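Visitor: Numbering-wise (UniProt numbering), the sequence shown opens with residue 1 and increments by one.
A virtual CB, placed ideally from N, CA and C, is assigned to each residue, including glycine.
Predicted, not measured: the structure shown is a model, and the values here were computed from it.
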Amino acid sequence: MKALLLQDKNQWKEMKVEEVEKPHPQKGEVLIEVHAAGLNPVDYKTATNGNPNWTYPHILGLDAAGTIAEIGEGVTEWKKGDRVVYHGDLLKKGAYAQYTVTTAHTISRIPDKISFEEAAALPTAGYTAYQAIHRKLPLDQVETILIHAGAGGVGGFGIQLAKAAGKTVITTASAHNHDHVRQLGADFVIDYRKEDVHQRVKEITEGKGVDAVVDAVSRDNATASLDFLAFMGHLVYIAGAPDFSKVKPFTNVVSYHEIALGATHQADMKSQKDLAVIGDQMLEMMGDGKLSSLLEEIISLEEVPQALERLSERHVKGKIVAKIKS
Numbered sequence: 001m002k003a004l005l006l007q008d009k010n011q012w013k014e015m016k017v018e019e020v021e022k023p024h025p026q027k028g029e030v031l032i033e034v035h036a037a038g039l040n041p042v043d044y045k046t047a048t049n050g051n052p053n054w055t056y057p058h059i060l061g062l063d064a065a066g067t068i069a070e071i072g073e074g075v076t077e078w079k080k081g082d083r084v085v086y087h088g089d090l091l092k093k094g095a096y097a098q099y100t101v102t103t104a105h106t107i108s109r110i111p112d113k114i115s116f117e118e119a120a121a122l123p124t125a126g127y128t129a130y131q132a133i134h135r136k137l138p139l140d141q142v143e144t145i146l147i148h149a150g151a152g153g154v155g156g157f158g159i160q161l162a163k164a165a166g167k168t169v170i171t172t173a174s175a176h177n178h179d180h181v182r183q184l185g186a187d188f189v190i191d192y193r194k195e196d197v198h199q200r201v202k203e204i205t206e207g208k209g210v211d212a213v214v215d216a217v218s219r220d221n222a223t224a225s226l227d228f229l230a231f232m233g234h235l236v237y238i239a240g241a242p243d244f245s246k247v248k249p250f251t252n253v254v255s256y257h258e259i260a261l262g263a264t265h266q267a268d269m270k271s272q273k274d275l276a277v278i279g280d281q282m283l284e285m286m287g288d289g290k291l292s293s294l295l296e297e298i299i300s301l302e303e304v305p306q307a308l309e310r311l312s313e314r315h316v317k318g319k320i321v322a323k324i325k326s
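(1) Could you pull the start and end residues of the beta strand (DSSP E) that M232 belongs to?
(2) By DSSP's criteria, A64 is part of a beta bridge. Which residues make up the other side?
(3) Specify, as a first and last residue, the run of the alpha helix (DSSP H) that F116 falls within.
(4) Based on Cα-Cα distance, which residue from K92, K22, K80, I32 lies nearest to P52?
(5) Looking at the structure shown, is K2 part of a helix, part of a strand, or coil, going by DSSP?
(6) Taking A165 as the reference, give the member of G279, D140, L146, R182 with the closest Cα.
(7) Can you tell me the Cα-Cα spacing of V197 and D215, whole angstroms?
(8) Given a cut-off of 8 angstroms, decide if G279 and V34 are closer than it, judged by their beta-carbon atoms.
(9) Kindly indicate the opening and closing residues of the beta strand (DSSP E) around D215.
(10) Report yes or no: is there a C-beta of chain B within less than 8 angstroms of the C-beta of E195?
(11) Round the Cβ separation of K136 and H257 to the nearest angstrom and send it over; I've been treating them as touching at under 8 angstroms.
(12) Nearest to Y99 by alpha carbon, out of P123, M286, T172, I71?
(13) So, are the CB atoms of G88 and A97 less than 8 angstroms apart?
(14) Let me know the beta strand (DSSP E) ranges lying completely inside the stretch 92-147, each 3 residues or longer, listed in chain order.
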């Protein structure tokens with residue numbers, strides 16, 4: 001098969017499409033013929049330092065949509081030809097290839113009305129946002145949510161999910177993305193480049209602060225966001241933990257929630273199966289027109305390194321997907 005090969009750590013900008021041996025599914029696994037693969041910041045971040053579990057050449061790519069080409073031993077709930085999407089295990093070879101293998105219990109069925117490219121835009125960013133909103137936050141106690149970087153993948157899905165849950169959504173975005181995030185459902189948009197975010201949050205909430213913050217930007221941003229929280233507020237962090245010492249005991253009584261989607265593959269079976277549950281629910285929303293895939297650009301497999309470089313510059317709106325099977 002053809003695959004985009006990472007020859008060694010920190011060589012992701014030099015990746016080339018080459019011929020390698022096609023994998024085969026083991027017990028409990030399925031072989032997927034990949035039609036489309038989603039791009040994510042985690043690809044270049046992990047490729048920069050590598051992973052001790054990888055052997056080289058390695059294949060990146062966590063988000064794949066395609067058809068089942070081969071069934072492993074013990075798999076009874078799926079058949080060849082089924083249209084599926086999944087979030088892959090970071091420790092294993094990924095989706096920037098014509099074929100890839102994954103566990104059968106973590107995949108979701110793609111409704112007929114959803115394209116492979118739309119489905120491939122979903123898993124990493126979408127499931128992360130879903131975990132943040134629906135698995136971590138006590139939504140019955142949350143009214144206002146600040147979602148940073150609303151024009152990005154996690155932020156864009158987070159806005160939609162929070163709004164669908166009936167919450168007041170505040171987001172940060174560059175001025176040229178304000179219309180975009182409002183269309184996704186944001187009630188208030190703050191231009192983080194020109195406005196004082198802390199001051200605007202206090203104005204919007206009449207001095208109270210927000211009930212929850214979802215931060216997928218950085219450790220520093222998560223730390224700064226502690227100032228935005230109301231009493232008994234919640235911080236969900238995805239790109240690094242905040243400085244916990246900033247909030248003193250017996251003051252704001254903040255709750256902290258870590259999201260690490262990739263860790264799910266090393267967790268118990270129930271947690272792993274929840275990836276499929278999340279995928280099913282988000283695909284249903286997408287099929288009903290209640291959730292945008294955020295798909296902005298479709299590229300070729302050969303163009304992935306250049307697109308990852310653009311992602312690393314952190315100014316890409318929505319999702320980029322590589323079309324692998326025509």
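Guide: Straight from the coordinates:
(1) Locating residue 232 in the sequence shown gives position 232, where the first residue counts as 1. That run of the beta strand (DSSP E) goes 229-237.
(2) The residue given as residue 64 occupies position 64 in the sequence shown. In the DSSP output, where bridge partners are listed per residue, A64 has A37, Y86.
(3) Residue mapping note: residue 116 aligns to position 116 of the sequence shown, counting from 1. According to the DSSP assignment, F116 belongs to the alpha helix (DSSP H) that extends over 116-120.
(4) Taking the sequence shown and counting its residues from 1, one reaches residue 52 at position 52. The shortest C-alpha separation from P52 is found at K92.
(5) By 1-based counting over the sequence shown, the position of residue 2 is 2. Note: K2 maps to strand in three-state DSSP.
(6) Along the sequence shown, read from residue 1 onward, the residue named residue 165 stands at position 165. Residue D140 is the option with its Cα nearest to A165.
(7) Numbered from its first residue, the sequence shown carries residue 197 at position 197. Numbered from its first residue, the sequence shown carries residue 215 at position 215. The straight-line gap from Cα to Cα measures roughly 13 angstroms.
(8) For the purposes of this step, residue 34 is taken as residue 34 along the sequence shown, with counting starting at 1. For the purposes of this step, residue 279 is taken as residue 279 along the sequence shown, with counting starting at 1. Remark: C-beta atoms of V34 and G279 do not approach each other more closely than 8 angstroms.
(9) Counted from its first residue, the sequence shown places residue 215 at position 215. Where D215 is concerned, the enclosing beta strand (DSSP E) stretches over 210-215.
(10) Absent from the structure is chain B; it holds one protein chain and no more.
(11) Sequence index remark: in the sequence shown, residue 136 carries index 136 (1-based). Sequence index remark: in the sequence shown, residue 257 carries index 257 (1-based). About 4 angstroms; that satisfies the 8 angstroms criterion.
(12) What you label residue 99 is simply residue 99 of the sequence shown in a count that begins at 1. For Y99, the nearest C-alpha among the options comes from I71.
(13) Numbered from 1 along the sequence shown, position 88 holds the residue referred to as residue 88. Numbered from 1 along the sequence shown, position 97 holds the residue referred to as residue 97. Judged by their CB atoms, G88 and A97 are not nearer to each other than the 8 angstroms cut-off.
(14) Segments of the beta strand (DSSP E) lying fully in the stretch 92-147: 99-103, 144-147.
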